[in-house]
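The structure appears right after this line, and notes come after that.
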Amino acid sequence: MTSTVSLLGIPLKKSGEVDLVKPFRHAIASSSIGLGAGEIDKHRESVSDFNKLRNNACSRPLDKHEAALDTLYRYHDQLSSLEKKVPPGEIQVPFKWKDAFDKGSLFGGSKSLTISSLTFEKACVLFNMAALQSQIASVQNFDHDESLKLAAKLFQQNRVKSFGFSSGVLGHLKGIVLSCVNQEPTPDLNPETLHALSALMLAQAQEVFVVKAIRDKMKDATVAKLSAQCSELYTEASRLMSAERLKQLWDREWLPIVNGKQEAYKAIAEFFQASVCEANKRVGERISRLQHAADVMKTAASKSGTFFPAFLSEYTGRIQHALEATKKENDFIFHDRVPDIRNCEPIAKVALAKSLPYQDRYGQSRDLFEDLVPLEVSQALAVADSRRMELVNSEVARLRDASQLLNGLLASMNLPAALEDPGKAGGLPPSLRDKAEKVKAEGGIESLLAMLQNLPELLQRNREVLDVTERDLNEERDSDTQLRSQFKDKWRRTESEKLTASFRQNAKRYKTIIENAMLADSTVRERFNTHERVIRMLSEKSEEELLAALPSGKGGNRDSPAANRLKTLMRKVDDLKREREELEGLFKSTDADLKSALCAMLARDGRVDEPAVSKQVLDAAYGDAVARVATNLEQQEKLVAEVQEANGDFTRDQSGDGDAREQMMKDLAAAYDAFTVLKNDLKEGTNFYNDLTQILVNFQNKVTDYCFARKTEKDELMKDLTSALASAKLDSAPNQPRHFGAAEGKKEPPPRPPPPAAGAPPAAVPQSTANAPPYSAVPYNPQMMQPHAAMPYPVQPQGMPLPYSYPQQPYPTYMPQMPSGYNPYGYMQQPPPPQGAQPQQNYAYPSYPPQQAPYHPNPHYPQQ
Numbered sequence: 001m002t003s004t005v006s007l008l009g010i011p012l013k014k015s016g017e018v019d020l021v022k023p024f025r026h027a028i029a030s031s032s033i034g035l036g037a038g039e040i041d042k043h044r045e046s047v048s049d050f051n052k053l054r055n056n057a058c059s060r061p062l063d064k065h066e067a068a069l070d071t072l073y074r075y076h077d078q079l080s081s082l083e084k085k086v087p088p089g090e091i092q093v094p095f096k097w098k099d100a101f102d103k104g105s106l107f108g109g110s111k112s113l114t115i116s117s118l119t120f121e122k123a124c125v126l127f128n129m130a131a132l133q134s135q136i137a138s139v140q141n142f143d144h145d146e147s148l149k150l151a152a153k154l155f156q157q158n159r160v161k162s163f164g165f166s167s168g169v170l171g172h173l174k175g176i177v178l179s180c181v182n183q184e185p186t187p188d189l190n191p192e193t194l195h196a197l198s199a200l201m202l203a204q205a206q207e208v209f210v211v212k213a214i215r216d217k218m219k220d221a222t223v224a225k226l227s228a229q230c231s232e233l234y235t236e237a238s239r240l241m242s243a244e245r246l247k248q249l250w251d252r253e254w255l256p257i258v259n260g261k262q263e264a265y266k267a268i269a270e271f272f273q274a275s276v277c278e279a280n281k282r283v284g285e286r287i288s289r290l291q292h293a294a295d296v297m298k299t300a301a302s303k304s305g306t307f308f309p310a311f312l313s314e315y316t317g318r319i320q321h322a323l324e325a326t327k328k329e330n331d332f333i334f335h336d337r338v339p340d341i342r343n344c345e346p347i348a349k350v351a352l353a354k355s356l357p358y359q360d361r362y363g364q365s366r367d368l369f370e371d372l373v374p375l376e377v378s379q380a381l382a383v384a385d386s387r388r389m390e391l392v393n394s395e396v397a398r399l400r401d402a403s404q405l406l407n408g409l410l411a412s413m414n415l416p417a418a419l420e421d422p423g424k425a426g427g428l429p430p431s432l433r434d435k436a437e438k439v440k441a442e443g444g445i446e447s448l449l450a451m452l453q454n455l456p457e458l459l460q461r462n463r464e465v466l467d468v469t470e471r472d473l474n475e476e477r478d479s480d481t482q483l484r485s486q487f488k489d490k491w492r493r494t495e496s497e498k499l500t501a502s503f504r505q506n507a508k509r510y511k512t513i514i515e516n517a518m519l520a521d522s523t524v525r526e527r528f529n530t531h532e533r534v535i536r537m538l539s540e541k542s543e544e545e546l547l548a549a550l551p552s553g554k555g556g557n558r559d560s561p562a563a564n565r566l567k568t569l570m571r572k573v574d575d576l577k578r579e580r581e582e583l584e585g586l587f588k589s590t591d592a593d594l595k596s597a598l599c600a601m602l603a604r605d606g607r608v609d610e611p612a613v614s615k616q617v618l619d620a621a622y623g624d625a626v627a628r629v630a631t632n633l634e635q636q637e638k639l640v641a642e643v644q645e646a647n648g649d650f651t652r653d654q655s656g657d658g659d660a661r662e663q664m665m666k667d668l669a670a671a672y673d674a675f676t677v678l679k680n681d682l683k684e685g686t687n688f689y690n691d692l693t694q695i696l697v698n699f700q701n702k703v704t705d706y707c708f709a710r711k712t713e714k715d716e717l718m719k720d721l722t723s724a725l726a727s728a729k730l731d732s733a734p735n736q737p738r739h740f741g742a743a744e745g746k747k748e749p750p751p752r753p754p755p756p757a758a759g760a761p762p763a764a765v766p767q768s769t770a771n772a773p774p775y776s777a778v779p780y781n782p783q784m785m786q787p788h789a790a791m792p793y794p795v796q797p798q799g800m801p802l803p804y805s806y807p808q809q810p811y812p813t814y815m816p817q818m819p820s821g822y823n824p825y826g827y828m829q830q831p832p833p834p835q836g837a838q839p840q841q842n843y844a845y846p847s848y849p850p851q852q853a854p855y856h857p858n859p860h861y862p863q864q
């Protein structure tokens, strides 16, 4: 604050360093749809730069200079950008911020709040932006014109570096802070505190315009109007700052200065309005206003005390001098009647200071995360991508279902093998020979067995990841519940159940997915068991062995009109299948550029209409392929009807072919089709489990970050609570009971015996009998020796208390075992003290160990 104007600067909130790198990388990887591995790796450097920027802006002292303010601006702008691209709940970082007005105590640190929320971090940065701006403005020296011009320039720049900026940001923060914190905030972030500070900054902004108007020697009427408005703004600030719950926050000089300025600028307004009266020859009104100004200035000085600004105290003498001179002139010359001040016209007010609106960006720095799509686009892209996958999967499933139906129908009719079978002597039909070779080329039954054996391992891996994740959530919830039960209303942080609702919903969804996958695995296993024997034949037997395994049968007429018609239809069936393979590959390879379309719509219209964009893009990318699928399925219906009709004619012509041979060939054809389906299903199952593992690992990383943030928040809150208990004033010691020496009063020591007189005769020695020994062994008798009347103490005291000696101590003298400290995550925890009890310190406990429950190495898993 300056020595003349005494402007007040808001103190800064303080925060420590945090590691943003790992949580931010997890959040970007999990929430950025459409980014490849290379693009995600490209953000590593951006995250590191962002971490450094945060430490410079929040963890280190900031000078009262524009360079420090620019650092805060750049960090704020990055937060605003990230807020639009990454959901705030995805970033689990424990942001700890101390209360700006709490100076701490001898026994503990200052009040603080730790919340894992990007919106809370931004709220604290906004507070510091307003505070640092007020500090920069308050240190400007207004004694010189050049400094005033610089201050005025500062206060009116487009970048809003002024008290008006500070007032606007605080006003904006007042409206959003409770939604950012979601719990009881620290006193500096209380909406009432922010409202009072916003009013104070606005009053100081108006004050600067008053000072500049006076220094620029503007018209008296203008200065009076500006001063009257300044007094009104200080009145409002004083009213808000004087609230009972806020008074203890401010430094001791704040309220005296504000209350003094409230009165002083009212007096200055009257002083300059009196000059207007002088110009208009209204001497009586001038005297009334000067007299009122003098009285109000005395009130201002009494309210401010030793903190009365020098700039304002100058006007005390000027007002008094003008009042005396005007009275003298009126008494000798004008003899004008002096009206009551209440009858004078009120001074009009002019407000130049305004609370300037909040902006999303205040700097010109580069967006470190410009490659990330906006959050609105990211959310729409997630929905649109699910629509795309649903379309692709549904069309591919239609093709595969139709192919399975067609293969089953052909196998039931032993086609095309029946057309190729020349009988036992003619060898193996070419179609069966080709199928056997394809099965062997693709690994045969051993490849199926390997993938079948791998599925349970993949399944178990996913279940373990999900189980560990749920266990971490449960541990964090149980710890929070236990501490909330222990500390009651003092445990002021958001309940775990509210914060983990989305986590638990996702965990439940993943568990359902795994259960469905297990059902699919059982279906695949049943199909494999059904065809295992015949698939093993195709895999392991040579052509000669397969031919020998076929029952005997005579070949029929393979060149009849019915046979030739069936051959033609089988070629059409092959063409139909080839087209389906082509269509399936087309669906999987086509890339629909949904991201560009959504971003373009957001830039053009300022909003995203996901259903419209998805329909337009997907129709353009897959419309032709979907139409070809419909045509292909229609062709199959017609083709099946023709095959069934031709096969009936062919069967009647054969008359006498062996049923056993035909059934065996049907089984071989069905086994080949089953092998193909099983191969595709097992590949998809393996890919599904691998993809699910990556998803679950990302989910586990987010939960781990959340649990770490909550643990840090818990430790900080525990530290604050224990510090508060340590600094709490203890009850006074109880009064001494009245019977402890009250009845006897204060005991006086007995008088000192007189010294022996010189030349006194020696004391008489008792004579003993002649035969008695010098020391007899007679038992001690208290009556045998009585103390001399002049001796104050007994000669042989009994039960005399001696210092530092405890011969009759009622308690054991062994050293007790110290109780272990509280640890909410420890496996061997001491039971909490009863409610209302003080924690014990260095009290004695029995030396023998009490009986304890058996220790389990891991209480979270069932014991085998």
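Sequential numbering from 1 applies to the sequence shown in UniProt numbering.
Ideal placement from N, C-alpha and C gives every residue a C-beta, glycine not left out.
Distance between residue j and residue i (C-alpha atoms, nearest Å)
| i | j | result |
| --- | --- | --- |
| S412 | K498 | 59 Å |
| V47 | F369 | 8 Å |
| R252 | G305 | 12 Å |
| A670 | P611 | 43 Å |
| I341 | E285 | 8 Å |
| L375 | K488 | 38 Å |
| L7 | Q505 | 53 Å |
| W491 | A501 | 20 Å |
| K666 | A397 | 25 Å |
| I91 | D691 | 23 Å |
| K541 | A382 | 50 Å |
DSSP bridge partner residues for residue i (one or two, in chain order)
| i | result |
| --- | --- |
| T114 | K96 |
| S15 | W97 |
Residue i burial status per 10 Å Cβ neighbour count (16 or more: buried)
| i | result |
| --- | --- |
| G175 | exposed |
| K303 | buried |
| A100 | buried |
| F332 | exposed |
| N529 | exposed |
| A743 | Annotation note: pLDDT 47 at A743 (below 50); position unreliable, no value reported. |
| R366 | exposed |
| T193 | buried |
| L448 | buried |
| D591 | exposed |
| N259 | buried |
| S522 | exposed |
| E263 | buried |
| M389 | exposed |
| E17 | exposed |
| E582 | exposed |
Nonlocal neighbours in the same chain, by C-beta distance under 8 Å from residue i, ignoring five residues either side
| i | result |
| --- | --- |
| A131 | G9, I10, P11, L12, K13, A100, S166 |
| L290 | E270, F271, A274, I319, A322, L323, T326 |
Residues near residue i in its chain [Cβ-Cβ closer than 6 Å; skip 5 each side]
| i | result |
| --- | --- |
| L682 | M451 |
| A384 | L594, E610, S614 |
| L586 | A625 |
| Q135 | G9, K64 |
| R710 | E476 |
| A152 | Because A152 sits at a pLDDT of 47, beneath the cut-off of 50, its placement in the model cannot be relied upon, and the following sentence gives the value as read from the coordinates. These residues qualify, in order along the chain: K212. |
Neighbourhood of residue i by C-beta distance below 7 Å, restricted to the same chain and skipping five residues each side
| i | result |
| --- | --- |
| Y362 | Y73, H76, D77, R159 |
| N128 | L12, K13, L72 |
| C599 | V373, V377 |
**Message:** Three Cβ pairs or more, each shorter than 8 Å: is that satisfied between the region 392-408 and the region 109-127?
**Reply:** no
**Prompt:** Would you say the region 531-540 touches the region 672-679, given that touching needs at least three Cβ pairs under 8 Å?
**Reply:** yes
**Request:** Could you tell me whether the region 221-234 touches the region 264-282, where touching means 3 or more Cβ pairs closer than 8 Å?
**Result:** yes
**Asked** Can at least three beta-carbon pairs, one atom from the region 232-252 and one from the region 195-203, be found at a separation below 8 Å?
**Response** yes
**Prompt:** Taking three-plus beta-carbon pairs below 8 Å as touching, is the region 478-487 in contact with the region 643-650?
**Reply:** no
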